[in-house]
Structure formats: C-alpha cells, structure tokens
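Asker:
Residue numbers (this note's numbering): 3 to 444.
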C-alpha cells in the first residue's frame with residue numbers, strides 16, 4: 003500500500019472509532035439534561051430514572067472516548083509532522099481551550115453522578131447544563147481544526163516559512179461557524195436517535211409488561227421528538243455547508259455531485275456512481291437546476307465543474323456515493339421522526355406497530371453510520387490537500403516506516419475496546435435491570 007494511503011488509513015481508522023464515542027459524548031448529555039428538566043417540571047420519576055441510567059452509560063462511553071481521543075492526538079503528531087508544525091504555530095488555540103472545556107464537562111459530570119441526590123434541583127440542572135456545554139465546546143474546538151484545513155486563514159507561507167500569524171483570525175476561519183454548528187446538531191440528532199433505538203428495542207422485548215412499556219415509550223417519544231428537530235436543523239445547516247463549499251472548495255462540491263462541466267442551472271444528482279471515463283453519474287436521478295439553487299439560492303448560479311481544475315486536484319470520485327449516503331440517512335431519519343410524530347398524534351393506538359418499531363431500532367445505528375459517512379466525505383473530499391491549496395497530504399506525512407504494523411496493532415486495540423465497552427454496558431444494566439429501579443421509584 004502507498005505510504006501516504008497507509009498513514010491516512012491508520013489515522014482514519016482511529017477517527018472512525020473515536021467519533022462513535024465522541025458523537026454520543028456530545029449527544030447524550032443533551033438527552034440527560036432534557037430528561038432532568040422534564041422530571042423537574044412534571045415530577046414524573048421515570049424521567050429522573052432515565053437521566054440516572056443514561057448518565058451511567060455516558061460515563062462508560064467516556065471511558066473509551068478519552069483514551070481513543072488521546073491516541074488520535076498522538077497520531078496527529080507522529081503521522082503528520084508537517085501539518086502539526088503549521089498547527090503548532092497558527093492553530094494551537096483550539097487544543098489549548100479544549101482542555102478547559104473537558105475539565106468543565108468532567109467536573110460537573112462528577113458532581114451529578116456522585117451528588118445528584120444531595121444537591122438542589124436547580125444545581126442538578128446547572129450541573130447538567132455545564133456538562134452539555136463542555137461536551138459541545140470540546141467537539142466544536144477540535145472540529146475547528148478540520149474547518150481550518152478547508153478554509154485556512156490567519157497566516158502565509160513565504161519561502162517555506164510561516165509568517166504573518168494571526169491566531170484569532172485562524173480560529174474564526176470562514177467555515178468555523180457552519181462547521182461547528184453542523185457537528186453539534188448532528189451529534190444531538192445521533193444521541194436522540196440512539197436513545198429512541200434502544201427504547202424501541204426494549205419495548206419489543208417487553209411486550210407483556212405494561213410498566214416497562216410505558217417507561218420506554220416516554221424515552222422513545224423524547225428521542226424521536228429531539229431527533230426529528232435536530233435532523234431538520236442539520237438538513238438546513240447542510241444547505242449552508244453546500245454554499246460554503248461552492249464558495250471556498252468548489253472542486254469538493256463538484257466531486258460530491260459528480261459535476262464535470264461548469265454550468266448554470268446545474269442539476270442535482272441523487273444516487274448513482276461517478277464514472278471517470280464517461281464523466282457522468284451512472285444510474286443517478288437528476289433533478290434539474292437544483293444544484294445551482296442549493297449553491298447560490300438562484301437557479302442560474304454557475305457551479306464550477308471538475309474539468310476546470312487540474313486532475314491531480316480532484317478528490318476521489320467515490321465521495322459522491324459517501325455524500326449521497328450521508329444525506330439519504332439524514333432524510334430517512336427526518337421522515338421517520340415525522341411519521342412517528344403524526345402517527346402518535348392521529349392514531350388512537352398507544353403503541354406503534356411492530357414494523358415501525360423495528361424501523362426505529364435501525365435509527366441509532368443508521369445515525370452513527372451517517373456520521374461516519376459524513377466525516378469520511380469531509381476529509382476525503384479535501385484531498386489531495388491537508389491544508390487547502392497550501393500543503394498536500396504527501397508533504398505533511400511522516401517519513402517513518404512500518405505504518406502497516408502500527409495499523410494492525412491499533413486496529414486490534416480498537417476491537418478490544420469496542421468489545422470491552424459492549425460487555426461493560428451489558429453487565430452493568432443486567433445487574434441493574436429497569437424492573438428493579440422502577441420498583442424502588444414507585
């Protein structure tokens with residue numbers, strides 16, 4: 003395997019593993035906070051129990067998110083020394099501030115876990131609010147480095163030297179706001195659908211226990227409602243992201259849509275596979291003029307095609323498939339929550355039919371898969387650049403060898419950690435079944 007590709011595969015595998023726990027680490031605190039707020043408003047002990055159990059799950063997930071995030075940080079320095087030289091001089095602020103964000107999250111999570119029953123209702127809400135803020139801030143700060151890679155600003159490279167450094171200008175780069183919003187909204191959506199997915203599964207497995215059914219139905223409706231709201235907001239933000247690509251990374255947008263020729267009234271292509279030889283998207287469904295409208299809010303907006311760029315600047319063309327998969331999952335989840343909401347309001351049945359419940363069970367895994375597709379698209383679509391139009395990935399990579407051995411070693415570690423976290427979660431909740439907690443809260 004090519005040396006650069008091996009390094010990218012190693013780091014990509016690390017991020018693919020870490021992002022599962024990082025995303026849930028942002029999304030679940032919001033669900034815990036909402037459950038706590040509902041408890042304080044309604045005095046329904048079921049919501050307090052949800053908050054308590056979800057907090058325990060969050061603590062276990064963070065036990066894997068922290069070491070995997072540490073590994074990602076170390077690999078950045080070891081695999082991409084050229085890139086980190088620029089980051090160290092220009093974009094160190096997010097890494098420095100993120101330490102404090104994590105400190106806030108860990109401190110207030112500890113307060114809630116160990117002292118929730120000994121502090122006032124107001125302080126419970128305050129603690130969870132700071133947990134949610136700290137988690138979101140950590141995600142925003144780290145993701146800002148990715149935003150900087152796509153829209154670098156705040157420095158120049160002159161004769162191989164980094165000059166005119168403005169750290170705050172680099173921090174608030176042109177894609178900071180859109181990227182930060184997208185990562186938080188998608189994490190909230192994923193956390194909500196993960197809760198809904200688990201609740202639906204538990205309802206299917208406890209059909210004859212009305213008390214357990216009632217408990218999980220409350221969690222299910224909370225998850226579907228929150229997931230639906232944030233899937234809609236994520237879609238709106240995705241429109242802003244497309245316009246950002248149109249302005250700052252036009253070849254990435256062209257690759258995402260399989261557009262080769264520059265044109266106005268450009269069509270949006272759904273599905274299909276990009277064919278380099280024929281420069282078409284095979285088996286895709288074209289919606290006339292829509293890409294131009296999405297790019298510039300006008301049907302006559304000119305969208306630049308791939309043929310206007312040197313071929314060595316083209317991203318891998320399979321990003322079209324990744325982009326479609328990400329958007330398709332998002333639209334499916336939005337439709338799922340909308341159908342669930344309408345069904346719950348219109349129909350007189352207290353429980354969704356089995357086929358719909360099993361569909362909801364798929365929502366959590368699909369949301370996580372959508373996150374994976376989105377991140378691979380975001381990073382692969384920027385290739386061959388690690389810092390757009392300034393530094394290629396090949397220029398940033400380490401010259402060390404034996405990366406293949408490291409890839410196998412770290413992959414083994416991730417498999418072990420994944421199995422371990424599943425076993426720990428199963429063990430904890432089997433030793434603390436919901437029936438036991440419902441009995442003590444009656």
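The beta carbon of each residue, even a glycine, is placed where N, CA and C say it ideally should be.
1. Between the C-alpha atoms of residue 326 and residue 152, what's the straight-line distance to the nearest angstrom?
2. Looking only at its own chain, which residues have a Cβ that is under 6 Å from the Cβ of residue 419, when we skip the five neighbours before and after it?
3. Between residue 221 and residue 52, is the Cβ-Cβ spacing less than 7 Å?
4. State the Cα-Cα distance for the pair residue 162 and residue 245, rounded to the nearest angstrom.
5. What do you reckon, are the CB atoms on residue 104 and residue 140 nearer than 7 Å?
6. Is residue 284 helix, strand or coil by DSSP?
7. DSSP on residue 460, reduced to helix/strand/coil?
8. What first and last residue would you give for the beta strand (DSSP E) that runs through residue 270?
9. Closest by CA to residue 99, which one among 145, 83, 120 and 76?
10. Do you know how far the Cα of residue 128 is from the Cα of residue 43?
11. Taking C-beta to C-beta, are residue 384 and residue 319 nearer than 7 Å?
12. Nearest-angstrom Cα distance between residue 243 and residue 249?
13. Give a single yes or no on whether residue 172 has its beta carbon closer than 6 Å to a heavy atom of the ligand COA.
14. DSSP three-state call for residue 158: helix, strand or coil?
15. Look at the Cβ atom of residue 31, then the Cβ atom of residue 106, and state whether they are nearer than 7 Å.
16. Is it the case that the Cβ atoms of residue 150 and residue 175 are separated by a distance below 7 Å?
17. If we count Cβ pairs, one from each stretch, closer than 8 Å, do we get three or more for the region 294–311 versus the region 330–343?
18. If distances are taken between C-alpha atoms only, which option among 83, 45 and 75 comes closest to residue 101?
19. Between the region 76–95 and the region 398–418, do three or more beta carbon pairs fall short of 8 Å?
20. Out of 96, 270 and 160, which one is the CA nearest neighbour of residue 148?
21. Which value, in whole angstroms, describes the spacing of the CA atoms of residue 37 and residue 191?
22. In three-state DSSP terms, what is residue 393?
23. Which partner residues of residue 163 appear in the DSSP bridge assignment?
24. Residue ranges of each beta strand (DSSP E) run of no fewer than 3 residues wholly in the region 156–233, ordered along the chain?
25. In its own chain, which residues sit with a C-beta less than 6 Å from the C-beta of residue 429, not counting the 5 before and 5 after it?
26. Determine, using beta carbons only, whether residue 226 and residue 342 come nearer to each other than 7 Å.
27. For residue 301 versus residue 48, is the C-beta distance shorter than 7 Å?
28. For the region 194–205 against the region 346–366, do three or more pairs of beta-carbon atoms, one drawn from each stretch, fall closer than 8 Å, so that the two count as touching?
29. Given that a residue counts as buried once 16 or more other Cβ atoms are within 10 Å of its Cβ, and exposed if not, what is residue 285?
30. Please determine, among 423, 183 and 165, the residue with the shortest C-alpha to C-alpha distance to residue 87.
31. Determine the direct distance from the alpha carbon of residue 372 to that of residue 19, and round the result to whole angstroms.
32. Considering only C-alpha positions, which residue in the set 94, 124 and 423 is nearest to residue 168?
33. Three or more C-beta pairs closer than 8 Å, one from the region 205–217 and one from the region 255–274: is that the case here?
34. Please name the residue in 329, 359 and 77 whose C-alpha comes closest to that of residue 270.
35. At what residues does the alpha helix (DSSP H) containing residue 431 begin and finish?
36. Give the straight-line distance between the Cα atoms of residue 58 and residue 434, rounded to the nearest whole angstrom.
Answerer: Answer, in terms of the structure:
1. Rounded to whole angstroms, residue 326 to residue 152 spans 20 Å at the Cα level.
2. So the list reads 66, once near-sequence residues are dropped.
3. Closer than 7 Å, so yes.
4. Approximately 32 Å between the Cα atoms of the pair.
5. Yes, Cβ-Cβ distance for residue 104 and residue 140 is below 7 Å.
6. DSSP places residue 284 in the strand class (E or B) of the three-state scheme.
7. The question about residue 460 has no answer here: the residues shown for the chain are numbered 3 through 444.
8. Per DSSP, residue 270 belongs to the beta strand (DSSP E) from 270–272.
9. When the alpha-carbon of residue 99 is set against those of 145, 83, 120 and 76, the nearest one is in 145.
10. One C-alpha to the other measures close to 15 Å.
11. No. Outside cutoff.
12. Going by the C-alpha atoms only, they are around 10 Å apart.
13. Absence of the ligand COA is noted for the structure shown, with no ligands found whatsoever.
14. The three-state secondary structure of residue 158, taken from DSSP, is strand.
15. In this structure, the beta-carbon distance from residue 31 to residue 106 does not fall below 7 Å.
16. If you check the CB distance, residue 150 and residue 175 come in under 7 Å.
17. They do not touch, by the three-pair rule.
18. With distances taken between CA atoms, residue 101 lies nearest to 75 out of 83, 45 and 75.
19. At 8 Å Cβ cutoff, the stretches touch.
20. Nearest of 96, 270 and 160 to residue 148, Cα basis: 96.
21. Looking at the two C-alpha atoms, the distance is approximately 16 Å.
22. Looking at residue 393 - three-state DSSP - the assignment turns out to be strand.
23. Answer by DSSP bridge pairing, in chain order: 160.
24. Annotation note: the region 156–233 contains the following uninterrupted beta strand (DSSP E) runs of length 3 or greater, listed N- to C-terminal: 158–160 and 163–165.
25. Answer for residue 429: no residue qualifies.
26. Between residue 226 and residue 342, the gap from beta carbon to beta carbon is short of 7 Å.
27. No, these two residues do not count as a Cβ contact at 7 Å.
28. Flag = yes, the region 194–205 and the region 346–366 touch.
29. Label assigned to residue 285: exposed.
30. For residue 87, the nearest C-alpha among the options comes from 165.
31. Near 14 Å, if we compare the C-alpha coordinates of residue 372 and residue 19.
32. When each option's Cα is compared against that of residue 168, the closest is 94.
33. For the pair of segments examined, the region 205–217 was found not to touch the region 255–274: the number of CB pairs separated by less than 8 Å stays below three.
34. That would be 329, whose Cα lies nearest to the Cα of residue 270.
35. Boundaries of the alpha helix (DSSP H) around residue 431: 405–433.
36. Rounded to the nearest angstrom, the gap between the Cα atoms of residue 58 and residue 434 is 11 Å.
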